[in-house]
Amino acid sequence: ADHGIRPVGGRALLSLRVEKGYGSWGREYSTEYWPQEVGLDRLIKLDKAEDFIGKQAYIAIKDHPAREKLVMLEIETPHDADASGGEPIFTIDGTPVGKVSSGAYGHSLGKSYALAFIAAEYLQQEEFDVAILGLPHRAKLLQHPPFDPQGQRLRS
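With the numbering used here applied, the sequence shown corresponds to residues -12 to 143, in that order.
Listed below in structure tokens is the structure:
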């Protein structure tokens, strides 16, 4: 029976993941990053009756300030080139401050987006430059994922 189901490729799934601000193991999530750096600290419940693997390690670092943070960027792409991962990020005056971990064109919203790590001391800035194919592309720091930020579609 035809239910409107079609095959979906990896790049389409990447586009949807990035628009929604969902990280991926190995790119945004790994043992290199603390939970508070990637937004996963809200999922750790220290008041659970049961102990869990890694609890003592988390307690040891939970009050440390983040070294860098996983953020979402909306990138101006006048050259039809989107970030894909690994692109360096600079302040407007050229100071290196981070790198893109995942990027894609967001087909749902018609804009280019990236998940990126930026050094914590630069997070008060609203705009950065992302070097895509050697050219600076202006990027705006987003406070929430641009697609379904409250998760309404996921719950419907």
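Ideal Cβ placement from N, Cα and C applies to all residues, glycine included.
{"query": "Alpha helix (DSSP H) containing L0: first to last residue?", "result": "-3 to 7"}
{"query": "Are the Cβ atoms of V58 and A103 separated by less than 7 angstroms?", "result": "yes"}
{"query": "With a CB to CB cut of under 7 angstroms and the five nearest residues on each side skipped, what residues in its chain are close to E113?", "result": "K127, L128"}
{"query": "Please name the residue in K49, K35, R4, G121 whose C-alpha comes closest to that of E150.", "result": "Residue 150 cannot be examined here, being either before or after the span of the chain that is shown, -12 to 143."}
{"query": "For D28, does the count of other Cβ atoms within 10 angstroms reach 16, so buried, or fall short, so exposed?", "result": "exposed"}
{"query": "Pull up the DSSP beta-bridge partners for G121, would you.", "result": "None; G121 has no bridge partner."}
{"query": "Starting from the C-beta of V84, find all residues in its chain whose C-beta is less than 8 angstroms away, skip the five residues before and the five after it, and write them out in chain order.", "result": "I76, F77, T78, I105, A106, Y109, F115"}
{"query": "Hey, how far is the Cα of I46 from the Cα of W12?", "result": "22 angstroms"}
{"query": "Rounded to a whole number of angstroms, what is the C-alpha to C-alpha distance between S17 and V87?", "result": "15 angstroms"}
{"query": "What span of residues does the alpha helix (DSSP H) with A44 cover, start to end?", "result": "42 to 48"}
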